[in-house]
Every structure is written in C-alpha cells, then in structure tokens.
Amino acid sequence: MTHSPSVPALVRGRRRALMPGALGLTALLTLSACGAGPDGGTSPEGAEATSSAPQGEVVAVATTTQLGSVLGQITDCVGTGSVAVMGPGDDPHDFSASSQQVAQMAGAEMVFANGLGLEAGLEAALSNAAADGATILEVAPELDPLPFTAVDGHDDHAGETAEEHAEHADEAEGDAHDGHDHGPLDPHVWMDAGRMAQAAEVMGEDLAQQTGEPRYADCGGEVKADLAEVDQQVAQILAEIPEDRRTLVTDHAAYNYLAEAYGLEVSGVVIPGGSTDAEPSSQELAALVDQIRDSGADALLTSVGAGSSTVQAVAQEVGDVPVVELYESGIGPAGSGAETYAEAMVFNARALADALT
Ligand SMILES: [Zn+2]
C-alpha cells in the first residue's frame, strides 16, 4: 500500500567545507546582540529572537517553508532554534533574500536548501553565504529525485519540452553550489511525504555531524517516523478517489512526485518549463484546452491564493473541471490549518479527495 522509494546511500561531499575564519562578522554581531562576551558562549534563553521567533539559539536556516517546518521540528526536539528565509505565500522559484537573511544564512551552522534549481532567485545569496563560510546542504538531490520528463504532461509539445528541458539542464549545471552533472531533475520533492520523511533523517544526520551533537540525528529519526505516518495518512485519504477520477492538470509542473507517490496522473501543465514564471502562448493554451478535454481531466490544480488568471481562463474555457487550490509551493499562514508541512500535506490530500470523490 505504501510506496517506499528506494533511497540511495547518502551522497556526501557536495556541501561547502566550513571556513572557520569567515564566520567572524556575523558571529560577532550575534554575540553582541545577545550581550555575551566574545568567548562566553551563547545561552539559548538569551539568544536574539529572529522574525519567526524560534525557541532556542538559531543553529540552522532553511530556504523554503516546507524544509523550514521539518527543520523546526528537529531543532525544537533538541531545544535549539531554526528559521526559514521564505514565508507562507512566497514563490520559491523567484524568492530573493534580504541582506539580513543572507547574513543569517552565513551565520548559521548549516543552511538547508531544496536545490535542483528550485531557488532560482536565491542562487546568488546562497553563493554569498557559502563564500562567507556557510555550510549548505541541498536536500532534494538526496531524495531519489525524479526526472522532469516522467509525467510532466507536455507530451504533445515535444519540441518545446526538449528546449525547456535543455534550459533547465543548463540552469542546473550552472548552479554554483551543486557542481555535479544531473540533467533535468524535478525539484518538487516535498509533494511526496515519504521523501520528506527521508529528508528529516538526512537533515538530522547532517546537523549531528556538523555540530557534534548526536541528538540531532535522534530527533531527525523521530521526525522521520512522524512524517512516515503523514505519508500513510495522505495515501489513505487519496485512496478514496475513484480510479477513473485521477487525471489532473496542474498550473505548473509541481505535482509529479504527488502523482508518482500516490497513484495519480498528470495529463497537462498550464505554465510550461517547470517553474512558475513562464507565460504560455495563446496557441499553447488552445492546445492545452483541447488536451484537457481529450484527456478527460478531473481537476485543475493551482496554488492557494495565487489567483492565476491563466488557470482561471483555462478552467472557464474547459467548462466543467473544478479548480482545486492546494499548498503546492509552501505551507500555509497562521490559522490556515496548513501551517506545518505535515498539516499542508494532509490539507492538500483532503481538498483533492473532496473535489474528486
Ligand atoms: Zn514549483
């Protein structure tokens, strides 16, 4: 019943080596803000609160809200703190960091990024943080990533797709903090809670190694078990959807992992290219509308609150296909019922099952 992606042995060595001398400026600023002497150590209670008010001393920073939520569970468990640079509603494809956030990344023990080209607007900031001594781990490459080509729904736009894929591959190869050659892999790994359970383990182990504190690995294991339960819960909810109601068209190519993990099918994508910043041409839209009708798509998925006029236009043109709003790019704001990664995944599964059942 459950899927268990075969996760390869963790590949180490892509992260930047920590350069001790480079931490100086931010570390000093942090210490003086805490009122501690230069060699006095930091007390968790006295640590300067950041915007998202973590419980303890900030040891790690995550780029996305999803990674930030999982990281927060791990650091809460240990009694330290962490922050995410993105907030609810930020689009990870084009988010750019403030200079304060770059400094925060440089000053943390570790920075966890999604990678695989997701954080296109953060690449310079991550490079700067690495140059300032931050240890950066890209999590998605550790999670048995899928190729974009598997179910990206552009089968009848073969020429464009090849170009888009080539573009993506170029971006990935130019990625300053990830020098290996991996071709066009899909960064949207968080849409499979099983992979994010694995991410918790990876992050915990890396923090343990980086800090010398073994509790990070233990807590990573606990969070992994929690998320494995979320994975089962999502699978159970989505199992309610009848076999002949499982064909989806999505606003951008964010759903391949959800489809692969939970037995759904993506038959079309509104915004080409794997990101959210391209505009489909009118011919592409007309072809997509035909494709949605031909494929008998059962729902059109889009991001909560995105209000994409293109998606609405496609839905209107097609007629009787419901538009379902999901937390596809990040977790929800306070009060949304989707304010943790786990809650967002269950929210998504529930919304999808309700729309299709
Ligand atoms: Zn995306």
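According to mature numbering (1 follows the signal peptide of the UniProt record, and there is no 0), the stretch in the sequence shown is residues -35 to -1, 1 to 322, in order. For every residue, glycine included, the Cβ atom is placed at its ideal position computed from N, Cα and C.
Pick helix, strand or coil for residue i, following the three-state DSSP scheme.
i      : result
Thr322 : coil
Glu178 : coil
Glu103 : strand
Gly233 : strand
Gly46  : strand
Thr28  : coil
Leu317 : helix
Phe312 : helix
Thr305 : coil
Glu187 : helix
Thr241 : coil
Ala204 : coil
Met51  : coil
Leu83  : coil
Leu150 : strand
Leu213 : strand
Gln198 : helix
Counting only beta-carbon separations shorter than 9 Å, does residue i have a partner in chain D?
i      : result
Val154 : Structure shown: chain D not included; a single protein chain is present.
Can you name the start and end residues of the beta strand (DSSP E) that residue i belongs to?
i      : result
Gly296 : Checking the sequence, you will find Ile at residue 296 rather than Gly. It is not in any beta strand (DSSP E) - Ile296 carries neither H nor E in the DSSP assignment.
Leu266 : 264 to 268
Ala218 : First-last for Ala218: undefined, no H or E at that position.
Leu291 : 288 to 291
Val76  : 75 to 78
With burial defined as no fewer than 16 other Cβ atoms inside 10 Å of the residue's Cβ, what is the status of residue i: buried or exposed?
i           : result
Ala96       : exposed
Asp242      : exposed
Ser247      : exposed
Ser232      : buried
residue 359 : There is simply no residue 359 to check, as the chain begins at -35 and stops at 322 in what is shown.
Gly(-15)    : Unreliable positioning characterises Gly(-15) in this predicted model, as indicated by a pLDDT of 34, which lies under 50. A coordinate reading is not provided.
Asp263      : buried
Ser240      : buried
Ser63       : exposed
Asp171      : buried
Leu317      : buried
Asp151      : buried
Gln38       : buried
Gln149      : Note on residue identity: the sequence assigns Pro, not Gln, to residue 149. Flag for Pro149 reads buried.
Glu287      : In the sequence as presented, Glu is not what sits at residue 287; that position holds Pro. Pro287 comes out exposed.
Thr267      : buried
Gln163      : buried
Glu208      : exposed
Gln256      : buried
Is residue i near ligand 3, in the sense that its beta carbon is under 8 Å from a heavy atom of that ligand?
i      : result
Ser260 : Here the bound small molecules are ligand 1; ligand 3 is not part of this structure.
Provide the residue span of the alpha helix (DSSP H) that contains residue i, from first to last.
i      : result
Thr275 : 274 to 283
Glu249 : 247 to 260
Val67  : 64 to 72
Ser92  : 88 to 96
* **Residues surrounding ligand 1 [beta-carbon distance to nearest heavy atom under 6 Å]** => His58, His153, His217, Ala219, Thr241, Ser294
* To do: Kindly confirm or deny that the stretch 176 to 190 and the stretch 250 to 261 touch, where touching means at least three C-beta pairs closer than 8 Å.
  => no
* Asked: Should the stretch 56 to 72 be called in touch with the stretch 92 to 108, which here means at least 3 C-beta pairs below 8 Å?
  -> yes
* Three or more C-beta pairs closer than 8 Å, one from the stretch 214 to 234 and one from the stretch 165 to 182: is that the case here? -> no
* Counting Cβ pairs closer than 8 Å, one from the stretch 30 to 46 and one from the stretch 206 to 215, do we hit at least three? -> no
* Asked: Are the stretch 304 to 315 and the stretch 272 to 285 touching by the rule of at least three beta carbon pairs closer than 8 Å?
  -> no
* Evaluate contact between the stretch 156 to 164 and the stretch 196 to 209, counting only Cβ atoms and requiring at least three cross-stretch pairs below 8 Å. => yes
* Does the stretch 101 to 116 come close enough to the stretch 72 to 88 to have 3 or more Cβ pairs within less than 8 Å? -> yes
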